[in-house]
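Enquirer: Protein chains in written order, with UniProt numbering: chain A, 1 to 143; chain B, 1 to 231.
Let me give you the structure first, and then I'll get to my questions.
So this is what it looks like as structure tokens:
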């Protein structure tokens, strides 16, 4: 066997071991829910975690000037206030499933990265294209 | 058009499958572009018409490798070893395309190109298995040992495919669950979108069979050339 082949095999086996034992085992629980956090607050304190749940309706506040985004993530039982910076992804809206990467700071969650889950259900919009009112609203929101 | 196998046998099926697959791609392309936008994602949903068939082909390819690997171990015919490798080559190519199309879809919808969630992680393992398959093939010179070793990888590696498919249900993930759920038979899709996706899935399946057969013929000729040089 030539050295390059041994190197190749070691590389692939190493990558597989890393993916299975490092990547997969720590990601089998991809995110924790607010309830799980409150059950074991000490465990999740001061370390990077992913918090998952639904965006509670009526709690989204986005400041377009300093890009501060505040909302509440709920799992239906407990809820956590999330603060993050940056423009949210286009699919971010109320009652949408989200995963926020970041750290707990007391009762509040400091998000560094906001990920949005989307549905596996693909359907056409009910009214066809945007109505003139919707377009007007979109233009106003971007200003 | 016909292809001639080195045994002298004529092969009309491979060009026919190739033509059928290409025609299917054209029809699927037209149907996908005339299908309506998704209520949540808008036109971004169009990436799905390519991403899903690409991922389907990867799964298909590893099962092709599994089948030919078992056939080789039972029959000991070098042809099955060549076909197993041909299928794995397609799997490697299309798994790269699946990740690329998935990244381009993930960025605008999820917000990230890549994240270590269960579906994506199991898919990364699938790619590592494919890469390992070819590293091992290139490392071993003895044809019989090479065929045995790669058959073992082909068989063991395919265990990951059902795990990858079910990962979105078994574990919490960012990736959405199956739209066409093979375990329950439920389909959550507008009929015109489903038609475009189905045509593309059929086209990719035909192209997969055609490419594996074509690669098998090329590998057969390469093997004969090599034998003539040494013999």
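Just so you know, even glycine gets a beta-carbon here, dropped at the ideal spot from N, CA and C.
As the structure is a computational prediction, the values presented were derived from the model and not from experiment.
Going by beta-carbon coordinates alone, are residue 78(B) and residue 143(B) separated by less than 8 Å?
Expert: Position 78 of the second chain, counted from the start, is the residue given in the question as residue 78(B). Position 143 of the second chain, counted from the start, is the residue given in the question as residue 143(B). Yes; because the gap between Cβ atoms is below 8 Å, this pair is in contact.
Enquirer: My parser needs the beta strand (DSSP E) runs of 3 or more residues fully inside the region 93 to 137 of chain A; what are they?
Expert: Whole beta strand (DSSP E) segments, 3+ residues: 97 to 105 and 108 to 116.
Enquirer: Could you give the first and the last residue of the continuous alpha helix (DSSP H) run that contains residue 160(B)?
Expert: Counted from its first residue, the second chain places residue 160(B) at position 160. Here the alpha helix (DSSP H) through residue 160(B) covers 160 to 170.
Enquirer: For the alpha helix (DSSP H) holding residue 204(B), just list the boundary residues, first then last.
Expert: Here residue 204(B) corresponds to residue number 204 of the second chain, with the count starting at 1. Counting along the chain, the alpha helix (DSSP H) containing residue 204(B) begins and ends at 191 to 230.
Enquirer: Cutting at 8 Å between CB atoms, please list the residues of its own chain near residue 109(A), excluding the five before and the five after it.
Expert: In the first chain, residue 109(A) corresponds to position 109, counting from 1. These residues qualify, in order along the chain: 51, 73, 80, 81, 82, 83, 100, 102 and 103.
Enquirer: Quick check on residue 181(B): buried or exposed, where buried means 16 or more other Cβ atoms within 10 Å of its Cβ?
Expert: Position 181 of the second chain, counted from the start, is the residue given in the question as residue 181(B). Burial call: exposed.
Enquirer: Residues of chain B with a CB under 7 Å from the CB of residue 31(A): which are they?
Expert: Residue numbering aside, residue 31(A) sits at position 31 when the first chain is read from its first letter. The contacting residues are 172.
Enquirer: Please report the residue range of the alpha helix (DSSP H) in which residue 89(B) lies.
Expert: By 1-based counting over the second chain, the position of residue 89(B) is 89. 78 to 109 is the extent of the alpha helix (DSSP H) around residue 89(B).
Enquirer: Going by the beta-carbon positions, is the gap between residue 32(B) and residue 203(B) smaller than 8 Å?
Expert: To locate residue 32(B), count along the second chain from 1; it is residue 32. To locate residue 203(B), count along the second chain from 1; it is residue 203. Cβ distance not < 8 Å, so residue 32(B) and residue 203(B) don't count as in contact.
Enquirer: Measure the CB-CB distance between residue 49(A) and residue 131(B) and report whether it falls below 8 Å.
Expert: Mapped onto the first chain, residue 49(A) falls at position 49. Mapped onto the second chain, residue 131(B) falls at position 131. No. Outside cutoff.
Enquirer: Are residue 158(B) and residue 118(B) close, meaning C-beta to C-beta below 8 Å?
Expert: Along the second chain, read from residue 1 onward, the residue named residue 158(B) stands at position 158. Along the second chain, read from residue 1 onward, the residue named residue 118(B) stands at position 118. No, these two residues do not count as a Cβ contact at 8 Å.
Enquirer: For the alpha helix (DSSP H) holding residue 19(B), just list the boundary residues, first then last.
Expert: The residue given as residue 19(B) occupies position 19 in the second chain. Segment 13 to 34, the alpha helix (DSSP H) holding residue 19(B).
Enquirer: Are the beta-carbon atoms belonging to residue 126(B) and residue 160(B) less than 8 Å from one another?
Expert: Against the second chain, residue 126(B) aligns to sequence position 126. Against the second chain, residue 160(B) aligns to sequence position 160. Yes.
Enquirer: Closer than 8 Å, CB to CB, is residue 124(A) near chain B or not?
Expert: Here the question's residue 124(A) lines up with position 124 in the first chain. It does: the Cβ of residue 124(A) has a partner Cβ on chain B nearer than 8 Å.
Enquirer: Could you pull out every residue in the same chain whose Cβ sits closer than 7 Å to the Cβ of residue 95(A), ignoring the five residues on either side in sequence?
Expert: Stepping through the first chain from its first residue, residue 95(A) is reached at position 95. The answer, listed in chain order, is 54, 55 and 57.
Enquirer: Which residues in the same chain as residue 41(B) place their Cβ atom closer than 7 Å to its Cβ, once the five residues preceding and following it in sequence are excluded?
Expert: On the second chain, position 41 is the one that residue 41(B) refers to. Answer for residue 41(B): 109, listed in chain order.
Enquirer: Is it right to say residue 51(B) is buried, meaning 16 or more other beta carbons lie within 10 angstroms of its own, or is it exposed?
Expert: Sequence index remark: in the second chain, residue 51(B) carries index 51 (1-based). Per the 10 Å Cβ criterion, buried.
Enquirer: Looking at the C-beta of residue 89(A), does it have a partner C-beta in chain B at a distance below 8 Å?
Expert: Counted from its first residue, the first chain places residue 89(A) at position 89. Cβ-Cβ to chain B under 8 Å: yes for residue 89(A).
Enquirer: Which whole-angstrom value describes the C-beta separation of residue 129(B) and residue 149(B), a residue pair presumed to lie in contact below a C-beta threshold of 8 Å?
Expert: In the second chain, counting from the first residue as 1, residue 129(B) sits at position 129. In the second chain, counting from the first residue as 1, residue 149(B) sits at position 149. Wrong, their Cβ atoms sit about 13 Å apart, outside the cutoff.
Enquirer: Which same chain residues, not among the five before or five after residue 194(B), have their C-beta less than 6 Å away from its C-beta?
Expert: What you label residue 194(B) is simply residue 194 of the second chain in a count that begins at 1. Excluding sequence neighbours, residue 194(B) sits near nothing in its chain.
Enquirer: Indicate whether at least one CB of chain B lies closer than 8 Å to the CB of residue 108(A).
Expert: Translated into the one-based positions of the first chain, residue 108(A) becomes position 108. Judged by the 8 Å Cβ criterion, residue 108(A) is not in contact with chain B.
Enquirer: Just the Cα atoms here: how many angstroms apart are residue 20(A) and residue 140(B)?
Expert: Taking the first residue of the first chain as 1, we reach residue 20(A) at position 20. Taking the first residue of the second chain as 1, we reach residue 140(B) at position 140. Approximately 26 Å, taken between the alpha carbons.
Enquirer: For residue 114(A), which residues in chain B fall below 8 Å Cβ to Cβ?
Expert: Reading the first chain from its first residue, position 114 is the one you call residue 114(A). Within chain B, the residues near residue 114(A) are 111.
Enquirer: What does residue 128(B) reach in chain A if we use C-beta pairs closer than 7 Å?
Expert: Along the second chain, read from residue 1 onward, the residue named residue 128(B) stands at position 128. Residues of chain A passing the Cβ test: 12, 15, 16 and 19.
Enquirer: For residue 84(B) versus residue 69(B), is the C-beta distance shorter than 8 Å?
Expert: Residue numbering aside, residue 84(B) sits at position 84 when the second chain is read from its first letter. Residue numbering aside, residue 69(B) sits at position 69 when the second chain is read from its first letter. For residue 84(B) and residue 69(B), yes; Cβs fall inside 8 Å.
Enquirer: Using a Cβ-Cβ cut-off of 6 Å (strictly less than) and excluding sequence neighbours within five positions of residue 35(B), which residues of its own chain qualify?
Expert: Position 35 of the second chain, counted from the start, is the residue given in the question as residue 35(B). Hits under 6 Å: 192, 193 and 196.
Enquirer: Should residue 77(A) be flagged as near chain B, meaning a C-beta pair shorter than 8 Å?
Expert: Counted from its first residue, the first chain places residue 77(A) at position 77. Output row for residue 77(A): interface = no.
Enquirer: Are there 16 or more other CB atoms within 10 angstroms of the CB of residue 164(B), so buried, or fewer, so exposed?
Expert: Residue 164(B) sits at position 164 when you count from the first residue of the second chain. The residue in question, residue 164(B), is buried, as its Cβ has 16 or more Cβ neighbours within 10 Å.
Enquirer: Where do the ends of the beta strand (DSSP E) carrying residue 47(A) lie?
Expert: Residue mapping note: residue 47(A) aligns to position 47 of the first chain, counting from 1. Premise fails: residue 47(A) is in no beta strand (DSSP E) and is neither H nor E.
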